[in-house]
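A.B. asks: In this text, residue positions in the sequence shown follow the working numbering: the first is 2, and each later residue adds one. Beta carbons: idealized from backbone N, C-alpha and C, even for Gly.
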Amino acid sequence: MKVPLFDLKLQYKALKPEIDKAIEGVFEHTQFIMGPEVKLLEAKLAEYCNTKYAVGVSSGTDALIIALHALGIKPGDEVIVPTFSFFASAGVVARLGATPVFVDIDERTFNINANQIEQKITPRTKAIMPVHLYGQAAWMDKIMELSKQYNLFVVEDAAQAIGARYRDRMAGSFGHISGFSCFPTKNLGAFGDAGFITTDKDEYIEILRKLRLHGAQPKYHHALVGYNARLDTIQAAILLVKLNYLNEWHEARRRKAEIYDRELSGISGLRTPFVYEHNYHIYHQYTLIVENRQGLAARLKENEIGFETYYPVPLHLQECFKDLHYKEGDLPVAERLAKSVISLPIYPELPESHQAFVIDTIKGFYNRR
2 MKVPLFDLKL QYKALKPEID KAIEGVFEHT QFIMGPEVKL LEAKLAEYCN TKYAVGVSSG
62 TDALIIALHA LGIKPGDEVI VPTFSFFASA GVVARLGATP VFVDIDERTF NINANQIEQK
122 ITPRTKAIMP VHLYGQAAWM DKIMELSKQY NLFVVEDAAQ AIGARYRDRM AGSFGHISGF
182 SCFPTKNLGA FGDAGFITTD KDEYIEILRK LRLHGAQPKY HHALVGYNAR LDTIQAAILL
242 VKLNYLNEWH EARRRKAEIY DRELSGISGL RTPFVYEHNY HIYHQYTLIV ENRQGLAARL
302 KENEIGFETY YPVPLHLQEC FKDLHYKEGD LPVAERLAKS VISLPIYPEL PESHQAFVID
362 TIKGFYNRR
């Protein structure tokens, strides 16, 4: 039995008539750039995320860099980020000439350890960028408290967390500006790169819209230098279809997570994900902490079961940040977990028999049949 980490074909087949019709509609009106579907999607995403505004952009990375740019982050500034995340979380800071300041993570949730943020704040600190990793929201009460106390911006990296909730409030509705990804494998995935930005702040919405269009408003008049970061109309049309099913998909992932939890909990040598009671986890990834990851990975591969390591090298140890002079041992929790995490298949359409095979394979490896 072959079990992929994710299978986008199953989702497309289920929605094929609706998606094909939506794409054909774009072909009919031929407004391939900034067509009507983009504006409609922005309205629906703002409503879904419980924010005043949403701005469609070309990727989750562009969402973050535009958010930081709109807030005036510049060379010499510092932005606090978790060291355990996808590269874009720190890469966008460096791209603007600012300095990412890395913080260790909470061993239970993989999110930034909010108790360690304050000690990293300096006169150069301008923003905190929490990442809602794997689909569970970070400790936003503490982060927003620090933001207020030190007059810092908060930019939520919600790339993996559309629909996740913290104390019944949507991820991406806390910060000054937030960025989301709609990469194809995300819970809400396009047929290519796509993303969006959310904010409640009237003072940022126009600059966000300008920045995605080369800084132009009106056309050919540039008050600032921006980006070519527009959301394609075809992608917006596809996302409009998929958005209708997003909550249903979240619940399907959560049911599969419950099965993994039930069947894998208590096995010596692995730990299932921890979820705070006040959080609504959307399980973009289902990530175990395991002993002998190399051996387990070999067994999964032998049985043609998809898996991935998110993420094998903490950001503070990446070669491109060597000039920041971090060394092994500086952020020990992230360094240890980077060597022991492994993510399993958990897409909504995952057949029960496939999930059972994954579970039996893991139990067999740890001699718990």
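1. Between which two residues does the beta strand (DSSP E) containing ALA128 stretch?
2. For my contact list, TYR167 and HIS279 are in at a C-beta cut-off of 8 Å; report their separation, rounded to the angstrom.
3. Would you identify the three-state DSSP class for ARG109, choosing helix, strand or coil?
4. If you compare alpha carbons, which of ALA195, GLN218 and PRO352 is closest to SER60?
5. Going along the chain, which unbroken runs of the alpha helix (DSSP H) with 4 or more residues stay wholly within the segment 180-217?
6. Are the segment 92-100 and the segment 65-75 in contact at 8 Å, needing three or more beta carbon pairs?
7. For LEU289 versus LEU345, is the C-beta spacing smaller than 8 Å?
8. Could you round the C-beta distance between ILE360 and TYR287 to whole angstroms and report it? I think they count as a contact, below 8 Å.
9. If you drop the 5 nearest sequence neighbours on each side, which residues of the same chain put their C-beta closer than 8 Å to that of VAL27?
10. Whose C-beta lies closer than 6 Å to the C-beta of ILE122 among residues of the same chain, with five residues either side of it excluded?
11. Would you give the residue range spanned by the alpha helix (DSSP H) that SER344 belongs to?
12. Where does GLU350 sit, in a helix, a strand or coil, going by DSSP?
13. Tell me which residues share the same chain as SER354 and place their Cβ nearer than 8 Å to its Cβ, disregarding the 5 neighbours each side in the sequence.
14. Taking contact to mean at least 3 C-beta pairs separated by less than 8 Å, is the segment 100-109 in contact with the segment 70-86?
15. I'd like to confirm the pairing. Which residues does DSSP put opposite LEU271 in its beta bridges?
16. I'd like the list of long-range same chain contacts for ARG272, defined as Cβ closer than 7 Å, with 5 residues on each side in sequence excluded.
17. So within the segment 55-93, which uninterrupted alpha helix (DSSP H) runs reach at least 4 residues, ignoring any that extend past its ends?
18. Since SER179 and ILE198 should fall inside the 8 Å C-beta cutoff, what is the C-beta to C-beta distance between them, to a whole number of angstroms?
19. Using the Cβ count rule (16 or more neighbours within 10 Å means buried), how would you classify SER269?
20. Between the segment 8-22 and the segment 138-145, do three or more beta carbon pairs fall short of 8 Å?
21. On the criterion of 16 or more Cβ atoms from any shown chain inside 10 Å, does GLU43 qualify as buried, or is it exposed?
22. Can you grab the Cα-Cα spacing for the pair THR110 / LEU338, in whole Å?
23. If you scan the segment 117-158 from start to end, which runs of the alpha helix (DSSP H) of 4 or more residues do you find wholly inside it?
24. Can you give the Cα-Cα distance for PHE154 and THR126, rounded to whole angstroms?
25. Near VAL226, which residues of its chain fall below 7 Å by C-beta distance, leaving aside the five closest residues on each side in sequence?
26. For GLY77, which residues from the same chain have a beta carbon less than 6 Å from its beta carbon, with the 5 sequence-adjacent residues on both sides left out?
27. What number of angstroms, rounded off, separates the C-alpha of PHE87 from the C-alpha of ASN112?
28. From ASP107 to TYR311, what distance separates their C-alpha atoms?
29. Classify LEU301: buried if its beta carbon has 16 or more other beta carbons within 10 angstroms, exposed otherwise.
30. Based on DSSP bridge pairs, tell me the residues matched to GLU309.
31. My output table needs one value for TYR49: the three-state DSSP class, helix, strand or coil.
32. Name the DSSP beta bridge partners of PRO101, please?
33. Going along the chain, which residues of its own chain have a beta-carbon closer than 6 Å to the beta-carbon of GLN218, five neighbours each way excluded?
34. Establish whether the CB of ALA68 and some CB of chain C are separated by less than 8 Å.
35. In the DSSP assignment, the alpha helix (DSSP H) including VAL242 goes from what residue to what residue?
C.D. replies: The relevant details are as follows:
1. 126-129 is the extent of the beta strand (DSSP E) around ALA128.
2. The beta-carbon distance between TYR167 and HIS279, rounded to whole angstroms, is 7 Å. This is short enough to meet the 8 Å contact definition.
3. DSSP places ARG109 in the coil class of the three-state scheme, outside both helix and strand.
4. Scanning ALA195, GLN218 and PRO352 for the CA closest to the CA of SER60 turns up ALA195.
5. Restricted to the segment 180-217, the alpha helix (DSSP H) segments that are unbroken, complete and at least 4 residues in length are 203-212, listed in chain order.
6. Counting C-beta pairs with one atom in each stretch, the segment 92-100 and the segment 65-75 have three or more that are closer than 8 Å, which means they touch.
7. Yes, they are a contact pair.
8. Wrong, their Cβ atoms sit about 11 Å apart, outside the cutoff.
9. Result list for VAL27: PHE33, GLY36, GLU38, THR234, ILE235 and ALA238, in chain order.
10. The answer, listed in chain order, is TYR151.
11. It is not in any alpha helix (DSSP H) - SER344 instead sits in the beta strand (DSSP E) that spans 342-345.
12. Under the three-state reduction of DSSP output, GLU350 falls in the coil class, being neither helix nor strand.
13. Only MET2 meet the Cβ criterion.
14. Between the segment 100-109 and the segment 70-86 there are three or more C-beta pairs closer than 8 Å, enough to call the two in contact.
15. LEU271 pairs with VAL291.
16. Its chain contains LEU289 and ILE290 as the residues whose beta carbon lies nearer than 7 Å to that of ARG272, once the 5 sequence neighbours on both sides are disregarded; these appear in chain order.
17. Within the segment 55-93, the complete alpha helix (DSSP H) runs of at least 4 residues are 61-71.
18. About 7 Å; that satisfies the 8 Å criterion.
19. Within 10 angstroms of the beta-carbon of SER269 lie fewer than 16 other beta-carbons, which makes it exposed.
20. The segment 8-22 makes no contact with the segment 138-145, as fewer than three CB pairs between them are under 8 Å.
21. So GLU43 ends up on the buried side.
22. Inter-residue distance for THR110 and LEU338 is about 11 Å (C-alpha atoms, whole angstroms).
23. Runs found: 141-151.
24. Spanning the two alpha carbons is a distance of roughly 9 Å.
25. So the qualifying residues of the chain are GLY216.
26. Counting only Cβ-Cβ distances below 6 Å, and skipping sequence neighbours, we find nothing.
27. If you take the alpha carbons of PHE87 and ASN112, they lie about 12 Å apart.
28. Each residue's Cα considered, the two are about 15 Å apart.
29. Result: buried.
30. Paired residues: SER344.
31. Taken through DSSP and simplified to helix, strand or coil, TYR49 comes out as helix.
32. Its beta-bridge partners are VAL80.
33. The beta carbon of GLN218 sits closer than 6 Å to the beta carbons of LYS211 from its chain, once the five residues preceding and following it are set aside; these are given in chain order.
34. Absent from the structure is chain C; it holds one protein chain and no more.
35. 234-244 is the span of the alpha helix (DSSP H), which, as asked, contains VAL242.
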